[in-house]
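Our numbering puts the sequence shown at residues 433 to 722.
Take a look at the structure set out below.
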Amino acid sequence: MPDILRAILLMVLGSFLFMLADLFMKLSTQTMSIGLVTMMLGAGMGLFFLVLMQCAGTPVFDRRYLHFAVAMRCTGEAIGITGVMIALANSPLATVTALMQSLPLVLTVMGVVFLRESVGWRRVLALLAGLVGVLIIIRPGMEGFDFFATLTLVGVLGMAIRDFGTRIAPQSISTAALSFYGSLTIVITGALIVLVSGDWRPPVWTGMGHVVGLVVVGSLGTLAISTAMRLGDVSVISPFRYIRVVFGVGAGILVFGESVDSAVILGSTIVVGAGLYSWMRERKLALAGE
433 MPDILRAILL MVLGSFLFML ADLFMKLSTQ TMSIGLVTMM LGAGMGLFFL VLMQCAGTPV
493 FDRRYLHFAV AMRCTGEAIG ITGVMIALAN SPLATVTALM QSLPLVLTVM GVVFLRESVG
553 WRRVLALLAG LVGVLIIIRP GMEGFDFFAT LTLVGVLGMA IRDFGTRIAP QSISTAALSF
613 YGSLTIVITG ALIVLVSGDW RPPVWTGMGH VVGLVVVGSL GTLAISTAMR LGDVSVISPF
673 RYIRVVFGVG AGILVFGESV DSAVILGSTI VVGAGLYSWM RERKLALAGE
């Protein structure tokens, strides 16, 4: 099998696994507190990345980790997990999944603001179209407005900060080390959520099983997408990330009996379309500069 085909299949598999992670996250919060689920998620992921660090001979403690990019990434991790966890616990899975597809557009804006990257008028229009799509989904001021769904956008902002921190981190700091300290941040964030909310329901076996599933599929999804990025041309395989919308909507309907209205369908179509157009323009400019 050609490497590019393997990369595409791994990207689709990774997107499916991340949808399952969202599914397990939502299921676990139905029987356990959001803070406890967050703490267990961080602990499981931290253990996974600690093992990776030990296998690679990467030190757990190093002065190199005292870097602004690491702090930025951890801050984004805390904001992202808080927004997404609360949104998933209270809003339809399909809506949250659709709104999360605005992440590439937010990263583009951050690149312009902080890295002074140039963006032409076509990509500016794509960004504005993506914003319109988001507004259609959340419907501010209208009858179908879902406040908790807007917290997904807080989560997206956090994930953008996390990814931006990863992007500017020195190459001498491994991905496993960045992810390990991000996981520790998730544990601390979960503890803070428990303290602020006062919600400390004792863990139940069903919920713990969902958290284990969340950690496993989340870790495997990360591995699948990371492998895909190494095997194939990023510009070719990246658009296949958007298939996660289809998986998320399908899971919402089949597992939770959610009804997806025309606003969510239209809004998610615009967001995905804006993201794909922005990607195509970026790829075209990159090819022209070669």
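Glycine residues also receive a C-beta, built at the ideal position from the N, C-alpha and C atoms.
Just to confirm, are residue i and residue j a CB contact at a threshold of 8 Å?
i, j, result
"Leu539", "Ala706", "no"
"Ile685", "Val692", "yes"
"Ile620", "Gly467", "no"
"Thr659", "Leu442", "yes"
"Val643", "Ser460", "yes"
"Leu725", "Phe456", "Residue 725 cannot be examined here, being either before or after the span of the chain that is shown, 433 to 722."
"Ile675", "Ser534", "no"
"Ala439", "Leu663", "yes"
"Met679", "Met532", "Going by the sequence as given, residue 679 is Phe instead of Met. No, the pair does not count as a contact, with Cβ atoms beyond the cut-off."
If I measure Cβ to Cβ from residue i and keep anything under 7 Å in the same chain, skipping five residues before and after, which residues do I get?
i, result
"Arg481", "Checking the displayed sequence, the identity of residue 481 turns out to be Phe instead of Arg. Here the set comprises Ala608, Ser611, Phe612 and Ser615."
"Glu549", "Gly543"
"Met471", "Val619, Gly622 and Ala623"
"Ile593", "Met504, Thr507, Gly508 and Ile511"
"Ala561", "Ile702 and Ala706"
"Leu589", "Ile511 and Val538"
With distance defined between alpha-carbon atoms, name the residue in the options nearest to residue i.
i, options, result
"Glu690", "Val483, Asn522 and Met485", "Asn522"
"Met640", "Gly476, Met451, Arg438 and Leu449", "Gly476"
"Asp730", "Ser629, Leu698 and Val541", "Any question about residue 730 goes unanswered here, given that the chain covers just 433 to 722."
"Pro602", "Gln462, His499, Val647 and Glu714", "His499"
"Ser651", "Ile669, Ala453, Leu531 and Val704", "Ala453"
"Ser629", "Pro434, Val502 and Ile518", "Ile518"
"Thr584", "Ser604, Val566 and Phe493", "Val566"
"Leu708", "Val444, Arg673, Trp553 and Gly590", "Arg673"
"Ser604", "Val469, Gln486, Gly474 and Val502", "Val502"
"Arg715", "Met532, Pro671 and Val677", "Pro671"
"Arg571", "Ser694, Asp435 and Ile436", "Ser694"
"Val704", "Ala558, Gly590, Trp553 and Val469", "Ala558"
"Met591", "Leu437, Ile436 and Val516", "Val516"
By Cβ distance below 6 Å, which residues in the same chain neighbour residue i in space, the five residues on each side in sequence not counted?
i, result
"Thr617", "Cys506, Glu509 and Ala510"
"Met504", "Gly597"
"Val636", "Thr463"
"Asp494", "none"
Can you find the residues in the same chain that come closer than 8 Å, C-beta to C-beta, to residue i, ignoring five residues on each side of it along the sequence?
i, result
"Gln458", "Note on residue identity: the sequence assigns Lys, not Gln, to residue 458. Counting only Cβ-Cβ distances below 8 Å, and skipping sequence neighbours, we find Leu520, Ala521, Leu525 and Phe688."
"Arg496", "Pro602, Ser604 and Ile605"
Using the Cα positions of residue i and residue j, report the straight-line distance between them to the nearest angstrom.
i, j, result
"Gly490", "Ser606", "Sequence check: residue 490 is Thr here, not Gly. Looking at the two C-alpha atoms, the distance is approximately 8 Å."
"Ser710", "Val551", "10 Å"
"Met433", "Val483", "31 Å"
"Val681", "Met712", "25 Å"
"Val586", "Val696", "18 Å"
"Ile527", "Phe580", "Strictly speaking, residue 527 in this sequence is Thr, with Ile absent from that position. The straight-line gap from Cα to Cα measures roughly 10 Å."
"Val648", "Leu479", "11 Å"
"Arg723", "Gln462", "With the chain covering 433 to 722 only, the question about residue 723 has no answer from this structure."
"Ala530", "Met485", "34 Å"
"Ser700", "Leu473", "28 Å"
"Val545", "Arg555", "14 Å"
"Leu698", "Ile568", "8 Å"
"Val444", "Gly653", "10 Å"
"Leu563", "Thr514", "22 Å"
"Arg599", "Ile669", "19 Å"
"Asp631", "Thr582", "22 Å"
"Asp435", "Leu627", "48 Å"
"Trp553", "Leu547", "18 Å"
"Thr638", "Val469", "12 Å"
"Ala683", "Ile657", "20 Å"
"Leu802", "Val492", "Residue coverage of the chain in this structure runs from 433 to 722, which leaves residue 802 outside it and unanswerable."
Ignoring anything shorter than 4 residues or poking outside the region 548-605, list the alpha helix (DSSP H) runs there in chain order. Within the region 548-605, the runs of alpha helix (DSSP H) at least 4 residues long that lie entirely inside it are, in chain order, 553-570 and 579-600.
In chain order, what are the residue ranges of uninterrupted alpha helix (DSSP H) at least 4 long that sit wholly in the region 629-667? Restricting attention to alpha helix (DSSP H) runs no shorter than 4 residues, the region 629-667 encloses them at 637-663, ordered along the chain.
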